[in-house]
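Below is one structure, written out as structure tokens; comments come after it.
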Amino acid sequence: EAAARQAEFDRLIAQDQRIEPRDWMPEGYRKTLIRQIAQHAHSEIIGMQPEGNWITRAPSLRRKAILIAKVQDEAGHGLYLYSAAETLGVDREDLLDQLHTGRQKYSSIFNYPTLSWADMGAIGWLVDGAAIMNQVPLCRCSYGPYGRAMVRVCKEESFHQRQGFEILHTLSHGSPAQHEMAQDAVNRFWWPSLMMFGPPDESSAHTVQSAAWGIKRFSNDELRQRFVDMCVDQARILGLRLPDPDLTWNEQRQHYDFGPIDWSELNRVIRGDGPCNADRMARRVGAHTDGAWVREAASAYAAKHADRSVV
Ligand code: 3HC
Numbered sequence: 030e031a032a033a034r035q036a037e038f039d040r041l042i043a044q045d046q047r048i049e050p051r052d053w054m055p056e057g058y059r060k061t062l063i064r065q066i067a068q069h070a071h072s073e074i075i076g077m078q079p080e081g082n083w084i085t086r087a088p089s090l091r092r093k094a095i096l097i098a099k100v101q102d103e104a105g106h107g108l109y110l111y112s113a114a115e116t117l118g119v120d121r122e123d124l125l126d127q128l129h130t131g132r133q134k135y136s137s138i139f140n141y142p143t144l145s146w147a148d149m150g151a152i153g154w155l156v157d158g159a160a161i162m163n164q165v166p167l168c169r170c171s172y173g174p175y176g177r178a179m180v181r182v183c184k185e186e187s188f189h190q191r192q193g194f195e196i197l198h199t200l201s202h203g204s205p206a207q208h209e210m211a212q213d214a215v216n217r218f219w220w221p222s223l224m225m226f227g228p229p230d231e232s233s234a235h236t237v238q239s240a241a242w243g244i245k246r247f248s249n250d251e252l253r254q255r256f257v258d259m260c261v262d263q264a265r266i267l268g269l270r271l272p273d274p275d276l277t278w279n280e281q282r283q284h285y286d287f288g289p290i291d292w293s294e295l296n297r298v299i300r301g302d303g304p305c306n307a308d309r310m311a312r313r314v315g316a317h318t319d320g321a322w323v324r325e326a327a328s329a330y331a332a333k334h335a336d337r338s339v340v
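As numbered in the UniProt record's numbering, residues 30 to 340 make up the sequence shown, in order.
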């Protein structure tokens, strides 16, 4: 019986078919998906904070409306992903508790401060650009609910990336002070954006197994390289420099060579020692506590209406 179930799972994966919530799956497959989807959702929710700080400071009503829409999208992506995680038999409250108590992670990138309006452009262009590079292959993830959630998320990420590019293009071609503000934002967000793709392949704990299970379609370094190649040309159009003196086209590799990444910084930020880790978590836990009454009211409302629906 067990062998037959494993064989069926292996057949579906080998034929690049979807695994659905009701299908049998190895416990390790379930656990790594819960880990990745929950941490993806946590990243979306925490990711609302850096940009949320600038909604009241947006330079125009148009920019404010776009930024509000983007932050709202991030919240929606988080809810989408918590729902996908719940199809694996976990409870959203428990996932949030794991985030709040440091037992689950969120992306390192959101632990950096947003110091100027240009950071809204750098986050849109670089952070959401990196997210798209990572999330498009996830549309083909072997786990059905996750792959399907990614299709809509990627469409919205494209809007996020374009609005960021436009902010930077406007500033870069504005006054010298605006150009400098855009360059400063790119200088601060470039390397942390490359770290979003994860550690180098040789020190990635999950890549081999996630690739075998059709969860990870490309390795961390492959996606990172594609992202660098794409950004070099876009930076040229923006009229901004990427802060890496080693960035050079390698004809033989047909890719850009780039400088060494400070992995000790990534490890430090993941460990909780980044510039904003404490603030982000305090804000998150505070929002969860302050929002308890909303959850209680929604549950009471649902319970009252559940009775009525029973005829
Ligand atoms: N920040 C925090 N933790 C990181 C990290 C980062 N930048 N990169 C890697 N890690 C963690 C991994 O989670 C793993 O720890 P864990 O076992 O406790 O989960 C460990 O470092 C080893 O890394 P691996 O490469 O072995 O782990 P994965 O195979 O899971 O690869 C990943 C890491 C590429 C981030 C993968 O999990 C993934 O594709 N996740 C889905 C996408 C995602 O979460 N993106 C985060 C940003 S969300 C976002 O950008 C929203 C947008 O709207 C801005």
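Each residue gets a CB set at the ideal place from its N, CA and C atoms; glycine is no exception.
Treat the numbers as computed from the prediction; the structure is a model and nothing was measured.
Going by DSSP in three states, residue i sits in which element: helix, strand or coil?
i	result
Asn279	strand
Asp262	helix
His284	strand
residue 16	Residue 16 lies beyond the residue range present for the chain, which begins at 30 and ends at 340; the question has no answer from this structure.
Tyr172	strand
Lys134	coil
Ala87	coil
Phe226	coil
Glu30	coil
Gly303	coil
Ser201	helix
Thr116	coil
Thr318	helix
Ser145	coil
Asp291	coil
Gly76	coil
Lys245	coil
Trp154	helix
Trp220	helix
Arg40	helix
Ser239	helix
Ser328	helix
Ala92	Checking the displayed sequence, the identity of residue 92 turns out to be Arg instead of Ala. It is helical.
Compare the C-alpha of residue i against each of the options and name the closest.
i	options	result
Leu155	Thr61, Gln192 and Asp291	Gln192
Glu294	Ile244, Pro228 and Gly243	Pro228
Ala234	Thr61, Ala33 and Pro205	Thr61
Tyr135	Cys260, Ala211 and Met310	Met310
Val298	Ser137, Ile152, Asp262 and Asp213	Ser137
Trp242	Gly107, Gln164, His129 and Cys170	Cys170
Arg282	Leu197, Asp258 and Cys305	Asp258
Arg51	Ala98, Ala335 and Glu115	Glu115
Ala262	Ala98, Tyr58, Arg246 and His284	The question names Ala, but residue 262 is Asp in the sequence shown. That would be His284, whose Cα lies nearest to the Cα of Asp262.
Trp146	His106, Arg92, Arg181 and Leu167	Arg92
Gly244	Glu30, Glu325, Ala32 and Ala43	Checking the displayed sequence, the identity of residue 244 turns out to be Ile instead of Gly. When each option's Cα is compared against that of Ile244, the closest is Ala43.
Arg64	Phe38, Asp123, Ser89 and Asp102	Asp123
Lys99	Ala327, Phe188, Ala326 and Ala307	Phe188
Gly57	Arg121, Gln238 and Leu41	Gln238
Ser232	Asn296, Gly176, Gly288 and Pro274	Asn296
Glu195	Gly153, Met224, Met210 and Pro289	Gly153
Just confirm the distance between the C-beta atoms of residue i and residue j, as a whole number of angstroms; I'd bet it's less than 8 Å.
i	j	result
Met77	Ala104	6 Å
Gly301	Gly131	7 Å
Ser157	Gln190	The sequence given here places Asp at residue 157; Ser does not occur at that position. At roughly 4 Å, the Cβ-Cβ gap stays under 8 Å, so Asp157 and Gln190 are in contact.
Gln164	Cys183	5 Å
Leu269	Leu197	7 Å
Val215	Ala151	5 Å
Got a sec? Which residues, its chain only, sit under 7 Å from residue i by beta carbon, not counting five neighbours each side?
i	result
Leu110	Ile66, His69, Ala70, Glu73 and Ala178
Leu96	Glu80, Trp83, Ile84, Ala87 and Met149
Leu255	For the sequence presented, residue 255 should be read as Arg rather than Leu. Same-chain partners within the cutoff: Met162.
Can you list, in chain order, the residues of its chain whose CB lies under 6 Å from that of residue i, leaving out five sequence neighbours each side?
i	result
Met279	One detail in the question is off: residue 279 reads as Asn in this sequence, not Met. Closer than 6 Å at Cβ, skipping near neighbours: Asp286.
Trp219	Leu271 and Pro272
Gly303	Asn140
Thr277	Asp286
Asp102	Glu185
Arg337	none
Pro166	Arg246 and Phe247
Is the distance from the Cβ of residue i to the Cβ of residue j below 7 Å?
i	j	result
Glu185	Ala160	no
Ser201	Leu267	yes
Asp230	Ser204	no
Gly173	Arg34	no
Phe226	Arg265	no
Pro142	Cys260	no
Whose C-beta lies closer than 8 Å to the C-beta of residue i among residues of the same chain, with five residues either side of it excluded?
i	result
Ala240	Arg246 and Ser248
Arg313	Ile74, Ile75, Gln78, Leu128 and His129
Phe250	For the sequence presented, residue 250 should be read as Asp rather than Phe. Here the set comprises Phe226, Pro229 and Asp230.
Val180	Cys168
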